[in-house]
Amino acid sequence: MGNKCCSRRHDPDRPLVYPAYKNEAGFTACPSSLETRYTGEPNTRVLSRPPADIVRTRNPGKCITNGGRRVVKALCAYTARADSDISFRKGDRMEVLSDAEPDWWRVLHLTTRREGLVPVNFVAEESSVECEEPSSCCSWFFPHVSRKEADKLLLAESNPRGTFLVRPAEHNPHGFSLSVKDWEEGRGYHVKHYKIKPLDNGGFYIATNQTFPSLPALVMSYTKNALGLCHVLARPCPKPEPQMWDLGPELRDKWEIPRSEIQLIRKLGQGNFGEVYYGKWRNNIEVAVKTLREGTMSTQAFLQEAAIMKKFRHKRLVALYAVCSTQEPVYIVQEYMSKGSLLEFLRNGEGKFLQFEDLVYVAAQVASGMEYLESKMLIHRDLAARNVLIGENNVAKICDFGLARVIEDNEYCPKQGSRFPVKWTAPEAIIYGRFSIKSDVWSYGILLMELFTYGQIPYPGLHGKDVIEQVERGYRMPKPVGHYLPDDIYRLMLQCWDAIPEKRPTFEFLNHYFESFTVTSEIPYREVQD
Ligand code: ADP
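With the first letter of the sequence shown counted as 1, position 501 gets the number 1893 in the numbering used here; the numbers rise by one all the way through.
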């Protein structure tokens, strides 16, 4: 691909980076092999530890005792999208006939007696009385939810005081946390988090004087009596709809789709390479469609890249569903994010009214998506508020990772391209083309500044050319005036902008930092007895 793979057409206010890859030996600007970028299994989901339901799914004989059958229960309703899948309602029971596919299982619906595929993350193994650990079928168990997400879910207005959930503890591989919505005079609604500790004999406790043989038993007990908790457990938190990774079962591996299946409904925005539309797939499923102007990239190179992007899945990365690449303009069909780009959201949308905690929540989500890319040794190369999309409830997801590689445009080279995103790019990447996950960390620091200043242009008043010179001489963006930014977070930004890439924090650290930023309410068991 030569220099071409480092080039991209762009407008000056929406700068882009040029591609580079990390391998074990170091970093190169334009790799010849895609394989250098990835390690690990492509479909691996990133979990701090396998939550109970996953452990159980992998050891079905251990807990599922419905007469030797594996029975799953629907977590929410699903409407069939093709001939091969079946519809179901929340709570429906289905027998698993085959779990050979990672995302779609073949089941027999135990009421309708229909056989077909179901999306795995819409169902969970049915709890059985012998189970000592909860499954996602326990309405109160949230196996993939972090502390910050628990706060967000519980604080939804419709949830009364006492709404609760249980989630795996973030820092104790055998423990769990109980998160409860509470209300206090002068403090209003907030969430309290209690540590649930395991006992050596397999039971659990929050307070040492109250131990329980299982988590369900513990939860049941606290639903009857607060026993020192802030409030009796009133009702399980409603679960958000699970993420779909494919448009339908027949598109799990085949994702070139006929253009006629896509209906473009309204224009969402103007991208660098074409328009972006809100649309529907088969007049049914909401999607965002990026259209690529002719000549923007080689279709072959794009398809190669898209095939890889499709394998990377994380709840903080925008899902790539499908492409229509047999004619121009090429369509990239993605998950639809209702609030658009973070930058627009902060400047002109509802984001203008976000509270400080919400900004921290967005920072944590972006760090979480980047931690996933870091674990896969994938470099984004264009991390900025314009490349983060926002959905309902301030959900943030990173988009456009991997696309920069295949753009063919001479304006996209740091040395000559006038549209290079100088203000977002680490000096070693601008000067030597050394892009790495650490240059992404630099960009993340800039993104933090965009976030905490509600979309202000970085280095206000400075031109890109001057920024390179000044930054090389050690200048860094000062703490913003007129915006609330705690010193700790500003210090963290400065660490992201350390001149020595290795000294910058990891995304794992950054995620942990923002996830636990407001740690004031994790209550050790002693206090529960007070
Ligand atoms: P490009 O990367 O080609 O410049 P963008 O990804 O920036 O294009 O898209 C332009 C605009 O379209 C964004 O600012 C955003 O408002 C909207 N958009 C892009 N992707 C989505 C999506 N998946 N869901 C909702 N809106 C989107």
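No residue lacks a Cβ here, since even glycine has one placed at the ideal position from N, Cα and C.
Cut-off 6 Å between Cβ atoms - residues of its own chain near residue i, not counting five sequence neighbours on either side
i: Arg1739; result: Gly1847
i: Val1463; result: Arg1485, Glu1487, Glu1518
i: Val1710; result: Gln1726, Glu1727, Leu1781, Lys1789, Cys1791
i: Thr1688; result: Phe1665
i: Glu1686; result: Glu1720
i: Leu1734; result: Ala1777, Val1780, Ile1782
i: Val1537; result: Arg1559
i: Val1515; result: Val1464, Ala1466
i: Leu1570; result: Val1558, Tyr1586, Ile1588
Cβ-heavy atom distance, residue i to the ligand ADP, below 7 Å
i: Lys1744; result: no
i: Ala1626; result: no
i: Leu1738; result: no
i: Val1710; result: yes
i: Gln1761; result: Note on identity: in this sequence residue 1761 is Gly, with Gln being the wrong assignment. No.
i: Val1780; result: no
i: Leu1665; result: Reading off the sequence, residue 1665 comes out as Phe, not Leu. Yes, the beta carbon of Phe1665 sits closer than 7 Å to at least one heavy atom of the ligand ADP.
i: Cys1791; result: yes
i: Met1636; result: no
i: Val1510; result: no
i: Val1668; result: yes
i: Gln1726; result: yes
i: Lys1702; result: no
i: Met1689; result: no
i: Ser1767; result: no
i: Lys1682; result: yes
i: Ser1835; result: no
i: Gly1732; result: yes
i: Met1729; result: yes
Status (buried if at least 16 other CB within 10 Å, exposed otherwise) for residue i
i: Arg1441; result: Only weak support exists for where Arg1441 lies, its pLDDT of 29 falling under 50; the value from the coordinates is given anyway. Per the 10 Å Cβ criterion, exposed.
i: Thr1600; result: exposed
i: Phe1745; result: exposed
i: Ala1474; result: exposed
i: Ile1823; result: exposed
i: Met1612; result: exposed
i: Pro1641; result: buried
i: Glu1907; result: buried
i: Pro1535; result: buried
i: Thr1471; result: exposed
i: His1706; result: buried
i: Arg1651; result: exposed
i: Ala1417; result: Its pLDDT being 26, under 50, Ala1417 is placed unreliably in this model, and the value from its coordinates should be taken loosely. Burial call: exposed.
i: Ile1892; result: exposed
i: Gln1757; result: buried
i: Ala1492; result: exposed
i: Leu1591; result: exposed
i: Lys1646; result: exposed
i: Tyr1804; result: Because Tyr1804 sits at a pLDDT of 47, beneath the cut-off of 50, its placement in the model cannot be relied upon, and the following sentence gives the value as read from the coordinates. With 16 or more other Cβ atoms within 10 Å, it is buried.
i: Phe1480; result: buried
i: His1566; result: exposed
i: Glu1663; result: For clarity, residue 1663 is Gly in the given sequence; the question names Glu instead. Counting Cβ neighbours within 10 Å, Gly1663 comes out buried, since at least 16 surround it.
i: Ser1717; result: buried
i: Asp1638; result: buried
Minimum Cβ-Cβ distance from residue i to chain B less than 8 Å
i: Pro1630; result: Although the question refers to chain B, the structure presented lacks it and comprises just one protein chain.
Contacts around residue i, its chain only, beta-carbon distance under 8 Å, and the 5 residues preceding and following it disregarded
i: Lys1482; result: Ala1466, Leu1467, Cys1468, Ala1469
i: Tyr1581; result: Leu1547, Arg1553, Lys1573, Asp1574, Trp1575
i: Glu1427; result: Its pLDDT being 26, under 50, Glu1427 is placed unreliably by the model, and nothing is read from it.
i: Leu1478; result: In the sequence as displayed, the identity of residue 1478 is Ile instead of Leu. So the qualifying residues of the chain are Ala1472, Val1499, His1501, Thr1504, Arg1506, Glu1507, Gly1508, Leu1509, Val1510.
i: Leu1840; result: Ala1755, Ile1881, Leu1884, Met1885, Cys1888
i: Thr1431; result: Note that Thr1431 has pLDDT 30, beneath the 50 cutoff, so the model's placement of it is unreliable and no number is given.
i: Lys1616; result: Val1624
Neighbourhood of residue i by C-beta, 7 Å cutoff - its chain only, sequence neighbours within 5 removed
i: Arg1896; result: Lys1830, Val1833, Trp1834, Gln1887, Cys1888, Asp1890
i: Tyr1753; result: Lys1540, Lys1544, Asn1786
i: Pro1605; result: Gly1595
i: Leu1902; result: Ala1759, Tyr1836
i: Arg1868; result: Leu1886, Trp1889
i: Thr1845; result: Pro1872, His1875
i: Glu1861; result: none
Proximity test, residue i beta-carbon vs the ligand PLP heavy atom, cut-off 7 Å
i: Leu1660; result: No copy of the ligand PLP occurs in the structure displayed; its ligands are the ligand ADP alone.
What are the start and end residues of each continuous alpha helix (DSSP H) run of 4 or more residues lying completely inside the stretch 1724-1804, in chain order?
-> 1734-1740, 1748-1767
Segments of 4+ residues assigned as alpha helix (DSSP H) that fall wholly inside the stretch 1861-1917 = 1879-1888, 1899-1907
Ordered list of beta strand (DSSP E) runs contained in the stretch 1637-1691, each at least 3 residues | 1654-1662, 1667-1673, 1677-1684
Report the residue ranges of all alpha helix (DSSP H) runs contained in full by the stretch 1502-1582; include only those spanning at least 4 residues, in chain order.
-> 1539-1546
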